[in-house]
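Novice: My questions will all concern the structure given below.
Numbering (this note's numbering), first residue to last: 1064 to 1113.
In structure tokens:
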């Protein structure tokens, strides 16, 4: 099977076996410091070849 490029704009909600190659530009974690640093959420800024 040939390796096909899948871009972020090609992705749709739901399950998939596609693999996407991206560059992680920024990564932020939102933590609850009163609860021992429990992670509430994660935001990522991703960039593909387009």
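Backbone N, C-alpha and C define an ideal beta-carbon position, used for all residues, glycine too.
If we define contact as Cβ-Cβ less than 7 Å, is residue 1113 a contact residue for chain C?
Specialist: Of the protein chains in this structure there is only one, and it is not chain C.
Novice: Among the residues of its own chain, which have a CB less than 7 Å from the CB of residue 1100, if the five just before and after it don't count?
Specialist: Counting only Cβ-Cβ distances below 7 Å, and skipping sequence neighbours, we find 1094.
Novice: Please tell me whether residue 1090 and residue 1107 are closer than 7 Å, where the distance is taken between their beta carbons.
Specialist: Yes, they are a contact pair.
Novice: Cβ of residue 1113 within 7 Å of Cβ of residue 1074?
Specialist: No; because the gap between Cβ atoms is not below 7 Å, this pair is not in contact.
Novice: Residue 1073 by DSSP, collapsed to three states: which one?
Specialist: Helix.
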